[in-house]
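Undergrad:
Protein chains: 2
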Amino acid sequence: MTSLGEGEYALLDQSWHDAITPDAARRMLIAAAHAFADKGYHATTTRDIAARAGMSPAAVYIHYRSKEDLLFQISKVGHERSLKVLTAVQDPDPRDRMAKTVAAFARWHAEFRTTARVVQYELGSLSPEHHAVVAELRRKIETHVRQIVEDGVKAGSFETPDQNGTALAVLSLCIDVARWYRPDGKRTPEDIGTLYADLALRMLSKSV
Amino acid sequence: MTSLGEGEYALLDQSWHDAITPDAARRMLIAAAHAFADKGYHATTTRDIAARAGMSPAAVYIHYRSKEDLLFQISKVGHERSLKVLTAVQDPDPRDRMAKTVAAFARWHAEFRTTARVVQYELGSLSPEHHAVVAELRRKIETHVRQIVEDGVKAGSFETPDQNGTALAVLSLCIDVARWYRPDGKRTPEDIGTLYADLALRMLSKSV
DNA sequence: GTCTATAGCCCGATAGAC
DNA sequence: GTCTATCGGGCTATAGAC
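In order, the protein sequence lines correspond to chains W and V.
Note that the UniProt record's numbering has the first sequence beginning at 1, numbered continuously upward.
Note that the UniProt record's numbering has the second sequence beginning at 1, numbered continuously upward.
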């Protein structure tokens, strides 16, 4: 017995399928991701996680060294996926590249809100060694968005008084979707992506 | 002995001075706000709070019913202050009103990052009754920003395909400052306010 | 109003049977 | 690989002296 509907499990199972095996380890990780996203890492007990995965508390330690190791796996794979969402966009035009990138990144933070919340809000619960690993991934994400802004300014497509500040703001806007998005709200993840792509282009527009 | 410099205490003491008395209660609350902002509510122990305030663990319960009550006081006063920052802005021109409002709200989330982090990221740790109180304050904050957008569109100053969505994005942008801002970074709270006011106006600009 | 001491509970992690 | 049982420790909150 679990506290999730079959649909939700199926969706998440799909998204973690290639990253985590065997099956029991993946079930445990998905249970942990939901618990961490719902209540936060420190408010979640290993008993919560085990109960959600339909196993005994001791089963956690068959596949993971510790509760923190479980957090690290979620955070690492989550960061890798969100980075891949960015780098998958390939478009020669800076405006189109920015629009597609922002749409995809904002959409990801809504669609995979559970993982995104753990990725964005539980960094401080990682061990120093594990934090260093995801910090490197975060640096790549920031650099990637800065580069798109820089390319657009050089190509004459964008105009801004502060390139890095605006790149930071665009990233920040997308990331914060994980905080406020609710699956039962009016806007779909795709709606949010479309709106945010427009807003990002306005933020970098040449005419104000 | 505390883990904060005198300057930091003086600043925060100033900001909580009229809201919380007596002195020991205020010291405890400031210690709790810093601990909650640094490590999160659930990772913070009453021993942490007491140690930061330079008192014994039992002293927490002289002025507060529970650890959660301490969180509620911080969250309630913090929400009230951030709402006041918004409503203090009075300007007849919609563009100027929006610019000043965003500058002040973004700046507040940087300048009072400690309180802001508790306000924005510990809602889920409040009891249902206490959560309802701050939820009402949050509704007022959202409504206030929506109203400025609506006024600007009616006056012909703003143009947007989605009024509520853009109002939400502007709020979200300001709130997320509490997540990424570091006092030792390059940008001052005032810099951030200035940049964000410009970005908000671009997001609502008539010419794209 | 503040302290020391501790009750009572729950946590993360492990031992050992199957 | 999964279970039941449990250890050792840290947690919130309270009792009672001063």
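Idealized CB from N, CA, C, for every residue including glycine.
Return the residue from the list Ala19/V, Asp184/V, Asp162/V, Ala116/V that minimises the CA-CA distance to Asp198/W.
TA: The residue you call residue 198/W lines up with position 198 of the first sequence. For Asp198/W, the nearest C-alpha among the options comes from Asp162/V.
Undergrad: At 4 residues or longer, and completely inside the segment 64 to 110 of chain V: list those alpha helix (DSSP H) runs for me, N to C.
TA: 67 to 87
Undergrad: Between which two residues does the alpha helix (DSSP H) harbouring Tyr196/W extend?
TA: Residue numbering aside, residue 196/W sits at position 196 when the first sequence is read from its first letter. Where Tyr196/W is concerned, the enclosing alpha helix (DSSP H) stretches over 189 to 203.
Undergrad: In three-state terms, what does DSSP make of Gly165/V?
TA: Counting from 1 along the second sequence, the entry for residue 165/V is found at position 165. DSSP places Gly165/V in helix when its eight states are reduced to three.
Undergrad: Applying the criterion that 16 or more other CB atoms from any shown protein chain within 10 Å of the CB defines a buried residue, is Thr114/V buried or exposed?
TA: One-based indexing of the second sequence puts residue 114/V at position 114. Its Cβ being crowded by 16 or more others within 10 Å, Thr114/V is buried.
Undergrad: With Arg26/V as the anchor, note down where its alpha helix (DSSP H) starts and where it stops.
TA: Reading the second sequence from its first residue, position 26 is the one you call residue 26/V. Arg26/V -> alpha helix (DSSP H) spans 23 to 39.
Undergrad: Kindly list, in the order they appear in chain V, the residues whose Cβ is closer than 8 Å to that of Pro161/W.
TA: For the purposes of this step, residue 161/W is taken as residue 161 along the first sequence, with counting starting at 1. Result: Leu195, Asp198.
Undergrad: So, Leu123/V versus Gln73/V, is the Cβ gap smaller than 8 Å?
TA: Counting from one through the second sequence, the residue named residue 123/V turns up at place 123. Counting from one through the second sequence, the residue named residue 73/V turns up at place 73. Taking 8 Å as the Cβ cut-off, Leu123/V and Gln73/V do not qualify as a contacting pair.
Undergrad: I want to see whether chain V comes within less than 8 Å of Gly124/W, judged by CB atoms only; does it?
TA: Counted from its first residue, the first sequence places residue 124/W at position 124. Yes, its Cβ sits closer than 8 Å to a Cβ of chain V.
Undergrad: Spatial neighbours of Ala35/V within its chain, please: CB distance less than 7 Å, with the 5 preceding and 5 following residues excluded, ordered by chain position.
TA: Here residue 35/V is taken as the residue at index 35 of the second sequence, counted from 1. Cβ within range, chain order: Thr44, Asp48, Ile49, Arg52.
Undergrad: First and last residue of the alpha helix (DSSP H) that includes His42/V?
TA: On the second sequence, position 42 is the one that residue 42/V refers to. His42/V -> no alpha helix (DSSP H), and no H or E assigned at all.
Undergrad: Let me confirm a value: Gly40/W is counted as buried when at least 16 other C-beta atoms fall within 10 Å, else exposed. Which label applies?
TA: As a working note, residue 40/W is residue 40 in the first sequence. With 16 or more other Cβ atoms within 10 Å, it is buried.
Undergrad: Please compile the residues from chain W whose C-beta is within a distance smaller than 9 Å of the C-beta of Gly156/V.
TA: Taking the second sequence and counting its residues from 1, the one referred to as residue 156/V is at position 156. None at all; the shortest Cβ gap to chain W is about 16 Å.
Undergrad: Which residue wins for smallest C-alpha separation from Ala169/W, given the options Arg146/V, Ala116/V, Gly193/V?
TA: Reading the first sequence from its first residue, position 169 is the one you call residue 169/W. Looking at the Cα atoms, Gly193/V is the closest of the given residues.
Undergrad: Look at the alpha carbon of Ser66/V and the alpha carbon of Ser125/V, and state the distance between them as a whole number of angstroms.
TA: Indexing the second sequence from 1 puts residue 66/V at position 66. Indexing the second sequence from 1 puts residue 125/V at position 125. When rounded, the distance between both Cα atoms is 13 Å.
Undergrad: Determine, using beta carbons only, whether Gly7/W comes closer than 8 Å to chain V.
TA: Mapped onto the first sequence, residue 7/W falls at position 7. Because Gly7/W carries a pLDDT of 45, less than 50, the predicted location of this residue cannot be relied on, and the following value inherits that uncertainty. It does not; no Cβ of chain V falls within 8 Å.
Undergrad: Any contact between the segment 148 to 167 of chain V and the segment 135 to 146 of chain W? By contact I mean 3 or more CB pairs, one from each, below 8 Å.
TA: no
Undergrad: Helix, strand or coil for Gly156/V, going by three-state DSSP, please let me know.
TA: As a first step, residue 156/V must be located in the second sequence, where it is residue number 156. Judged by DSSP in its simplified three-state form, Gly156/V adopts coil rather than helix or strand.
Undergrad: With a threshold of 8 Å between beta carbons, is Leu173/W in contact with chain V?
TA: Here residue 173/W refers to the residue found at position 173 when the first sequence is read from its first residue. By the rule that beta-carbons nearer than 8 Å mark a contact, Leu173/W touches chain V.
Undergrad: Along the alpha helix (DSSP H) that carries Ala116/V, what are the first and last residues, could you check?
TA: As a working note, residue 116/V is residue 116 in the second sequence. Here the alpha helix (DSSP H) through Ala116/V covers 113 to 121.
Undergrad: 8 Å is my cut-off, CB to CB: does Val134/W come that close to chain V?
TA: Against the first sequence, residue 134/W aligns to sequence position 134. So, not an interface residue.
Undergrad: Going by beta carbon distance, what residues of the same chain come within less than 8 Å of Asp93/W, once the five residues before and after it are set aside?
TA: Position 93 of the first sequence, counting from 1, holds the residue named residue 93/W. Same-chain partners within the cutoff: Ser157.
Undergrad: For the candidate residues Lys100/W, Ala106/W, Leu70/W, Val60/W, whose alpha-carbon lies nearest to that of Ser82/W?
TA: For the purposes of this step, residue 82/W is identified with residue 82 of the first sequence, where counting begins at 1. Comparing Cα-Cα distances from Ser82/W to each of Lys100/W, Ala106/W, Leu70/W, Val60/W, the minimum goes to Ala106/W.
Undergrad: Hey, Leu201/V and Ile141/V: beta-carbon distance below 8 Å or not?
TA: Residue 201/V sits at position 201 when you count from the first residue of the second sequence. Residue 141/V sits at position 141 when you count from the first residue of the second sequence. No, the Cβ-Cβ distance between Leu201/V and Ile141/V is not below 8 Å.
Undergrad: Here's the rule I'm using: 16 or more other beta-carbon atoms within 10 Å means buried, otherwise exposed. How should Gly185/V be labelled?
TA: Here the question's residue 185/V lines up with position 185 in the second sequence. Per the 10 Å Cβ criterion, exposed.
Undergrad: Mind checking whether Leu204/W and Val145/W have CB atoms under 8 Å apart?
TA: As a first step, residue 204/W must be located in the first sequence, where it is residue number 204. As a first step, residue 145/W must be located in the first sequence, where it is residue number 145. No, Cβ-Cβ distance for Leu204/W and Val145/W is not below 8 Å.
Undergrad: Just to confirm, is the Cβ distance from Val77/W to Ala19/W under 8 Å?
TA: In the first sequence, the residue the question calls residue 77/W occupies position 77. In the first sequence, the residue the question calls residue 19/W occupies position 19. Yes. Within cutoff.
Undergrad: Using beta carbons (cut-off 8 Å, strictly below), is Asp176/W in contact with chain V?
TA: Taking the first sequence and counting its residues from 1, one reaches residue 176/W at position 176. Yes, Asp176/W counts as interfacial toward chain V.
Undergrad: So with Cβ pairs under 8 Å, would you call Gly185/V a contact of chain W?
TA: Taking the first residue of the second sequence as position 1, residue 185/V is located at position 185. No, Gly185/V does not count as interfacial toward chain W.
Undergrad: At least one CB of chain V closer than 8 Å to the CB of Glu190/W: is that the case?
TA: The residue given as residue 190/W occupies position 190 in the first sequence. By this cut-off, Glu190/W is not an interface position.
Undergrad: Measuring only the C-alpha atoms, how far is Ser15/V from Val177/W?
TA: Within the second sequence, the letter at position 15 stands for residue 15/V. Within the first sequence, the letter at position 177 stands for residue 177/W. Cα to Cα, Ser15/V sits roughly 30 Å from Val177/W.
Undergrad: By the 10 Å Cβ neighbour count, where 16 or more other Cβ atoms means buried, how is Arg27/V classified, buried or exposed?
TA: By one-based count along the second sequence, residue 27/V stands at place 27. The residue in question, Arg27/V, is buried, as its Cβ has 16 or more Cβ neighbours within 10 Å.
Undergrad: If contact means a Cβ-Cβ distance below 8 Å, which residues of the segment 102 to 132 of chain V contact chain W?
TA: Gln120, Tyr121, Gly124, Ser125
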